[in-house]
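All residue numbers for the sequence shown refer to numbering that gives the first Met the number 0, where the first residue is 0 and numbers rise by one. Cβ atoms here follow ideal geometry from the backbone N, Cα and C, with glycine treated the same way.
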Amino acid sequence: MTGREAFGRAAVDIATRAELDSRVKARARPRAEMHLTIGGAEERIVHSQLNAANENRIRHLQERLDALRSGLKETQAKARLTGKAQGDFGRSRDGPG
Numbered sequence: 000m001t002g003r004e005a006f007g008r009a010a011v012d013i014a015t016r017a018e019l020d021s022r023v024k025a026r027a028r029p030r031a032e033m034h035l036t037i038g039g040a041e042e043r044i045v046h047s048q049l050n051a052a053n054e055n056r057i058r059h060l061q062e063r064l065d066a067l068r069s070g071l072k073e074t075q076a077k078a079r080l081t082g083k084a085q086g087d088f089g090r091s092r093d094g095p096g
């Protein structure tokens, strides 16, 4: 064995705490998986109830937002007309002269 080979091998054989920690951290860990589903008809019933509740909530939110949107458009139109009426009233008071 030459001196160069011995030096290279010695450098690899140095044990450090950092390497130990990194190797321990890199270990593959088994994952705990929980499968708590019932299966069968009960599971389908529960999923359908959850889906129905979600769809009801979506429908409710859409109706609320549509109502608010239409109310906002009406209010905005009335505000424009109010401003126009006030401007017309002010011009009519000034008279033709």
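Going by DSSP, what residue range makes up the alpha helix (DSSP H) through residue i?
i: residue 19; result: 16 to 24
To the nearest angstrom, how far is the alpha carbon of residue i from that of residue j?
i: residue 48; j: residue 32; result: 25 Å
i: residue 66; j: residue 35; result: 41 Å
i: residue 52; j: residue 63; result: 16 Å
i: residue 58; j: residue 50; result: 12 Å
i: residue 20; j: residue 27; result: 14 Å
i: residue 77; j: residue 88; result: 16 Å
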